[in-house]
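Remarks on the structure that follows.
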């Protein structure tokens, strides 16, 4: 046994189980459950005028069909607005089942319960819904034109208008020696986890309790939301996130209609009920992100220093805004990146369209922000005829300016203050990694062979580890097993490894003894959720604090037993010993025994803690007044505000002169998330993020047609990159600790995806000598850009 | 659950009214009527089911108002292992195109497991039941053999003749217990209900 320490790139402890196929995902549970399928709207916008289930009566195995009229109490109300905001003046959220009007393809109209999914689908096919089509509103132009309304009581289709300004932008622009205007847009995409959503609920009629399993990023909040909807005491409801096959943001949205309906049906029917979303459903019935168009005005001096930046953008929030304004707020506040802006004004309109609602997808507004900022910086360089690196260098915030107050209010309602980071050092490192200075030679050599190469650079700052808090609980059993609980859930991040590394390090125990449970309200009831690159920062810190409580208690008990001072003790490999005299020692598991005075000897360890065995001090109670039995501790971490990670990507692309295909030759990442608990896992996060960044830059989009039909709602048509399209990622790390958290951690989960569109657009623009203002960029679109530039004919 | 229906019957209102009072005719017309006892209130035992639920249901009909052969208002209680219905029913008969137009509406409070299948499904099952029973009654009035149903689904289920308790529990899966949904039984139920109510009322007035 070895004590694995914080900072080692050990193999993920969860992988052997997952690779052997022993994962327990939502659909692996509940083999005895009734199955649910939904009747979903085929129209983008329509009035439901009738539901005829007569033909479904003949389906053998049918159990129930529910429509809005069947819903009781609070299930009749719209689903909650999860994150209210003063600027969100016209919030609209969906009903669990369509009440009268459907506003996107895939909106649930009726719920079918049957003995199995095949039967349920057969019944779904036989439910005839009468629709009176209403005019669709697709795309930001149609939404802004507002000739058709998504919600008749929301004029202009405007859910919210929000403005933040730091300094006097108009004055700055008026005084600037140079100004530029740009129009920049990013298309819709979606998280698209390999495992779609799913909910499984068991009602225990004997004790009136509900257990929900959901493929979610927020089991604690699902628990409270469902309890509230069903009118149950929260104490009677438990929610568990089992193995979750990816989330990438879409599963932070909750409670989904399905998440409320399935437990309701389980309770109503007194039977276990399960719904597993299929891929076709997920494309249209879950949520999307990214669709935004931005108008930029920038003023700068002859060195390229930005004196004023004015950004107005439109955010396509889809049919409803259940998750509030988080995505456009993040775009607004993260757009400045690592740059010191003279004055900055950002305003957005969040607009309704008759498409799937929008909630965060990994990166959450930052890929758009980074694309806008980095295209702007490149445009400044091009305008001045200056080097792109030089313009960035002129604008970078310097390490000695930390903490740097951007003057903006971040997504958590708190000031966006960069707590730490060394942006110039990051830039130097990424330029070295990609070989920036050598690129002209490379380009010339390629050109001699008739090949077109381009190089791009993109920088970002990412607010991570948003509050309000997470908690951790560490418990040492008398066997020496260490149980670690935290409330937030896991979707592949390797929490069972990194949280165990933290506890092994803090407590001085072998990592093999540490067992981590996440996302189970039975184990830890207080939590927020896994999003915003926050799990390591929030739960990691809380778990470290909890482990320190356990360590202090263990040392106190051991000090008594060893007749030593606690200050002279250390814990090594699960043994408490006197520093310098390792033979004076007591195993931690024995300390656990001593921590819990017993009357009954149920095993050998317990025997040592019984009343005639323990040394007795007749003058003291077995448990001191301010003490508790057991060797365990619980603590919470609640940061003052978010911590800001940062990084820079650079890539070299080759564009095919004939086919306009873009090939990524090299991709370099320099990444600073503070001290890395496990560098291997951080790299894995970066690699996955880059894959999604490449996807967003070159492949993935939600191809809604003018009628609001999602034309590419399958993996045949929605292009997800394979390993063949994802470049080898070369990484370098800085580890600038955050002063805000006990371990100095910053988040790493989303970083890899953020600069994808920005850096690839920059490289393609460099290769082609064209302006790239919209992403993703398909070969067809690049061909058209060449045509527009007169370089090719259509 | 709120239900409405309109049906054409090939006999004058007076004859329809009388037919509904005829135990023998009713028993023949309603394939799933297992027992009928004269009232008032009239009581019937029918085999009935919807979705995965089904079994033997006892029906009781009390007539609160009647205007023969034009209208009747009834209170109907249905009870079975899976719950029941408590319904206020109003039916009207009018001369129409040489025959009778029967229009009816019912507001039913549903209890027990029956209340868990969803109101649309329950309504659809009841609507179809009434349609089929009245089709059978129409056939009887026409002098035709009432047994063959109009839509072909009734026979299989109604003829299965399995006792209710042999219908396995829900967990048995879709392929046991033959005729789980037993639409014919349902048809019998509602058709019988209407018939029983009207007949019961008639009998009470004699």
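Chains as they are written, first to last, in our numbering: chain A, 1149 to 1942; chain B, 727 to 932.
In this text, a Cβ means the ideal position worked out from N, Cα and C, and glycines have one as well.
Check, Outcome
"Would you be able to state if there are at least three C-beta pairs under 8 Å between the segment 1240-1249 of chain A and the segment 1190-1202 of chain A?", "yes"
"Kindly indicate the opening and closing residues of the alpha helix (DSSP H) around residue 1266 of chain A.", "1265-1274"
"Look up residue 1401 of chain A in the DSSP assignment and say whether it is helix, strand or coil.", "coil"
"To which residues of the same chain is residue 1150 of chain A closer than 6 Å at the C-beta, ignoring the five residues directly before and after it?", "In this prediction, residue 1150 of chain A scores a pLDDT of 45, lower than 50, which makes its location untrustworthy; no coordinate-derived value is stated."
"Going along chain A in order, which residues have a C-beta closer than 7 Å to the C-beta of residue 845 of chain B?", "1217, 1218"
"Using only the alpha-carbon positions, how far apart do residue 1756 of chain A and residue 1709 of chain A sit?", "13 Å"
"Within 10 angstroms of the Cβ of residue 1799 of chain A, are there 16 or more other Cβ atoms? Answer buried if so, exposed if not.", "buried"
"Any C-beta of chain B within less than 8 Å: which residues of the segment 1195-1211 of chain A qualify?", "1199, 1200, 1201, 1202, 1204, 1205, 1206, 1207, 1208, 1209, 1210, 1211"
"Please list the residues of the segment 1406-1417 of chain A that have a C-beta atom closer than 7 Å to any C-beta atom in chain B, keeping them in chain order.", "1416, 1417"
"Taking 8 Å as the threshold (beta carbon to beta carbon), is residue 1279 of chain A in contact with chain B?", "no"
"With DSSP as the reference, label residue 1305 of chain A as helix, strand or coil.", "helix"
"Between residue 854 of chain B and chain A, is the shortest Cβ-Cβ distance under 8 Å, so that the two count as touching?", "yes"
"Report the rounded CA-to-CA distance for residue 853 of chain B versus residue 1355 of chain A, giving the unit in angstroms.", "38 Å"
"Using a C-beta to C-beta distance shorter than 7 Å, which residues of chain B count as neighbours of residue 1214 of chain A?", "844"
"Starting from the Cα of residue 1690 of chain A, find the closest Cα among A/1729, A/1243, A/1633, A/1937 and give me that residue.", "A/1633"
"When DSSP labels each residue in this structure, what does residue 1604 of chain A get in the three-state scheme?", "strand"
"How should residue 1132 of chain A be labelled, buried or exposed, when 16 other C-beta atoms within 10 angstroms of its C-beta is the threshold for buried?", "The structure shown does not extend to residue 1132 of chain A, since chain A is modelled only from 1149 to 1942, so the question has no answer here."
"Which residue marks the beginning of the beta strand (DSSP E) containing residue 1283 of chain A, and which one marks its end?", "From DSSP, residue 1283 of chain A is part of no beta strand (DSSP E); its letter is neither H nor E."
"For residue 1594 of chain A, which residues in the same chain have their Cβ closer than 6 Å to its Cβ, ignoring the five residues on either side in sequence?", "1601"
"In chain A, which residues lie with their C-beta within 7 Å of the C-beta of residue 862 of chain B?", "Correct list: empty, because the minimum Cβ distance to chain A is about 18 Å."
"Hey, could you find the ends of the beta strand (DSSP E) residue 801 of chain B is sitting in?", "797-806"
"Is the segment 1703-1719 of chain A in contact with the segment 1621-1636 of chain A, if contact means three or more CB pairs nearer than 8 Å?", "no"
"Any idea if residue 1549 of chain A is buried or exposed, counting beta-carbon neighbours within 10 angstroms, 16 or more meaning buried?", "exposed"
"Give a yes or no on whether 8 Å exceeds the smallest Cβ distance from residue 850 of chain B to chain A.", "yes"
"Does DSSP put residue 1241 of chain A in a helix, in a strand, or in coil?", "coil"
"Would you mind giving the Cβ-Cβ distance between residue 1823 of chain A and residue 1887 of chain A, rounded to the nearest angstrom? I have them listed as a contact below 8 Å.", "The Cβ separation is near 12 Å, so there is no contact."
"Do you know offhand how far residue 888 of chain B's Cα is from residue 1208 of chain A's?", "Low local confidence applies: a pLDDT of 33 at residue 888 of chain B is under 50, so the model's placement there is unreliable, with the coordinate-based value given in what follows. Whole-angstrom Cα-Cα distance: 16 Å."
"May I ask you to report which of helix, strand or coil DSSP gives residue 1874 of chain A?", "coil"
"Anyone know if the C-beta pair for residue 1654 of chain A and residue 1699 of chain A falls short of 8 Å?", "yes"
"Can you grab the Cα-Cα spacing for the pair residue 1352 of chain A / residue 1694 of chain A, in whole Å?", "33 Å"
"Which residues, in chain order, does the segment 767-785 of chain B contribute to contact with chain A at a C-beta distance below 7 Å?", "777, 778"
"Using 10 angstroms around the beta-carbon of residue 1771 of chain A, count the other beta-carbons present and answer buried if the total reaches 16, otherwise exposed.", "exposed"
"From the DSSP output, in three-state form, read off residue 1923 of chain A for me.", "strand"
"What is the residue span of the alpha helix (DSSP H) that residue 1351 of chain A lies within?", "Taken as a continuous stretch (DSSP letters only), residue 1351 of chain A belongs to no alpha helix (DSSP H), being part of the beta strand (DSSP E) at 1346-1352."
"With 16 as the cutoff for other CB atoms within 10 Å, does residue 1500 of chain A come out buried or exposed?", "buried"
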